[in-house]
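Here my numbering runs 279 ahead of the position in the sequence shown, where the first position is 1. Glycine included, each C-beta is placed from N, C-alpha and C at the ideal position. Structure, as structure tokens:
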Amino acid sequence: MVRIGRMASPLASPEFSLTRRDLIAGLGAATLCPAWPATGSAQGRTAFVLQAKADRILLGPGASGPSGPETPVWSLGSGDLRFKRGEVLDVTFGNELPVAAALDCRGLDGVAAAEPLASRGPLAAGAKDSFQLPLRHAGTFLCEPLLGDGGTAPTRPRPLIVTGTSPVAVDRDEVLLIEEWRLRSDGTAIPAGSDPKDSTQIHTINGKTSYDISAPANTRLRLRFINGSPRSVLAVKLESLDVRVMAIDGQPAEPFPARNSALVLAPGGRTDVFVDAVGPAGTSFAILLHDGKQARSVGKLVVSSEPPVRAAPFPPAPPLPGNDMPAALDLKSAARFDLALGTPTDWFRPAEFKPSAAPAFQAKTGRPVVLTLTNRGTIASVFHLHGHHFRLLDRLDDGWKPFWLDTLAVEPGQTQHIAFLAEYPGRYLIEQVATDWAAPRLVRWYSVQ
């Protein structure tokens with residue numbers, strides 16, 4: 280579990296008793312009991328244009344205000360992308376960057392025709408591509424440019440929010456995209472995969488070094504936390520608030536209280552929580568961030584002076600509407616495969632990936648799959664499965680943690696077992712990356728036939 284000390288006041292400097300090992304251990308510490316009802320789906324087709332392009336962000340002095348130098352970055356544009364479950368997006372993806380790029384949408388299960396590298400090759404500079412993205416599940420997802428070598432600026436992910444067809448009892452629904460930057464003395468930023476020597480580490484929420492939320496008393500907020508750092512496992516704490524976890528990596532969970540009001544997020548990980556703004560006007564709750572080395576305040580939730588939205592807070596929330604995930608996995612009949620992490624053997628940098636390479640494994644449609652992940656490296660490695668969500672199995676391989684994931688951090692020398700149902704035919708990527716800014720992103724692929 281993550282161990283977090285209490286604070287004397289919401290604005291005091293935090294005392295997190297955290298190490299990198301604590302952060303990674305916290306990823307599997309939750310206890311849930313999912314019971315997800317089926318739900319209907321919206322129908323419709325939406326034409327949608329998304330462009331990878333050069334952009335700028337204010338990160339240096341004055342980053343919380345309107346002035347100061349801007350840092351060049353690469354992005355897919357700004358703001359949240361919001362659609363409804365059941366929609367089919369007719370996507371036109373354009374690459375305005377000076378290097379080859381593919382579109383990677385994290386957490387969208389079963390979209391083999393749009394799978395980067397495995398099904399759709401990277402686009403050259405100035406090229407365009409069109410394909411369909413069916414939105415099978417409601418949840419919090421993430422789009423980013425998947426680049427080859429030669430990048431000169433960091434890339435920014437863009438949140439993709441898919442809402443369900445059933446109403447959810449919240450007053451506001453907000454995304455909090457956490458990003459990590461490594462700035463040189465001249466104000467330029469170092470892209471992940473490069474040596475960060477002599478750089479300054481900065482974290483932002485929604486592009487700001489200090490992000491504040493103001494709400495009237497008894498407002499219920501749905502906060503969608505996204506770890507947009509390309510390499511770091513992060514912990515987020517909402518000091519002195521009751522934080523109720525509602526979804527992890529885009530999939531609903533049986534609601535449960537976050538231990539010590541803290542969340543642990545792997546790179547690319549997403550956790551949706553409900554919180555209530557409680558107390559008299561002016562009450563402030565700090566948003567604290569810990570990267571395994573130190574804690575810092577990155578914002579606050581403030582109870583505004585407006586009249587309360589209701590006489591008392593809402594009662595505890597029921598589970599979110601379900602996404603029709605498999606009710607059970609038959610581990611006895613599962614196909615089993617071993618994957619070594621922490622080593623580049625048989626893995627490829629995206630620019631070197633060839634679809635003709637042998638798959639990491641092949642599975643039959645409808646069959647459960649168990650993967651044994653062993654980290655043979657010297658630091659933690661983060662594993663990401665495209666195309667399907669998985670269960671984290673218990674140590675004795677006789678059951679699973681009651682939540683779904685698409686990303687998992689594995690400590691050096693540690694072995695983890697995960698399982699998923701091979702529901703969707705096609706070719707999909709698997710990824711690994713060490714929790715080191717200079718580490719390369721590595722990929723392989725698997726097939727479901």
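Taking one beta carbon from each stretch, the stretch 567–585 and the stretch 632–641 have fewer than 3 pairs nearer than 8 Å; the two do not touch.
The three-state reading of DSSP puts S576 in strand, counting E and B together.
Contact between the stretch 639–653 and the stretch 494–504 is absent: fewer than 3 CB-CB pairs across the two stretches fall below 8 Å. As computed with DSSP, G705 is found in a beta bridge with V727.
In this structure, V522 lies away from S508, with their beta-carbon atoms at least 8 Å apart.
With a threshold of 16 other beta carbon atoms within 10 Å, T657 falls short and is exposed. For G601, the closest C-alpha among the options R399, V441, P623, R510 is that of V441. Using a Cβ distance threshold of 8 Å, Y703 and Y725 do not count as a contacting pair. Its Cα nearest to that of V447, the residue F553 stands out among L675, F553, D408, G692.
Exclusion of the five residues before and after R510 leaves A471, P546, V712, T714, D715, W716, A718 as the residues of its chain whose Cβ lies within less than 7 Å of its Cβ.
By the CB criterion at 8 Å, T686 and G561 fall outside the cutoff. A straight line joining the alpha-carbon of Y490 with that of V557 spans about 19 Å. Distance from the CA atom of E366 to the CA atom of D465, rounded to whole angstroms, is 45 Å.
The C-alpha of K680 is placed about 18 Å away from the C-alpha of D603. In the structure shown, A526 adopts extended strand secondary structure according to DSSP, grouped into three states. Under DSSP, the beta-bridge partners assigned to N506 are I457. It is roughly 46 Å from the alpha-carbon of P475 to the alpha-carbon of K611. Membership of A391 in any beta strand (DSSP E) is not indicated, and neither H nor E is assigned to it by DSSP. Going by beta carbons, G529 and G389 fall outside the 8 Å limit.
The shortest C-alpha to C-alpha distance from V449 to any of D551, E533, L396, P634 is the one to D551.
Here Q695 is buried. Its C-beta has 16 or more other C-beta atoms within 10 Å. Between P438 and L426, the CB-CB gap reaches or exceeds 8 Å. Around the CB of L568, 16 or more other CB atoms lie within 10 Å, so the residue is classed as buried. When the five nearest sequence neighbours on each side are left out, the beta carbons in the same chain lying within less than 6 Å of the beta carbon of R451 are those of L500, in order along the chain.
For P534, the closest alpha carbon among the candidates P598, R589, I566 is that of P598. Distance from A331 to N374 at the Cβ level is roughly 5 Å; contact confirmed, criterion being Cβ atoms closer than 8 Å.
Each residue's CA atom was taken as its position, placing V648 and G705 some 15 Å apart. Bridge partners of I336 according to DSSP: T350. Between the beta-carbon of V577 and that of I484 there is about 6 Å, and that keeps the pair under the 8 Å contact cut.
L360 is not a Cβ neighbour of A380, given a cutoff of 8 Å. Here the alpha carbons of L329 and L672 stand approximately 37 Å from one another.
Note that the C-beta distance between D555 and P587 is not below 8 Å. In the structure shown, N539 falls within a helical segment according to DSSP collapsed to helix, strand and coil.
The alpha carbon of D609 has as its nearest neighbour, out of P595, F564, G678, the alpha carbon of G678.
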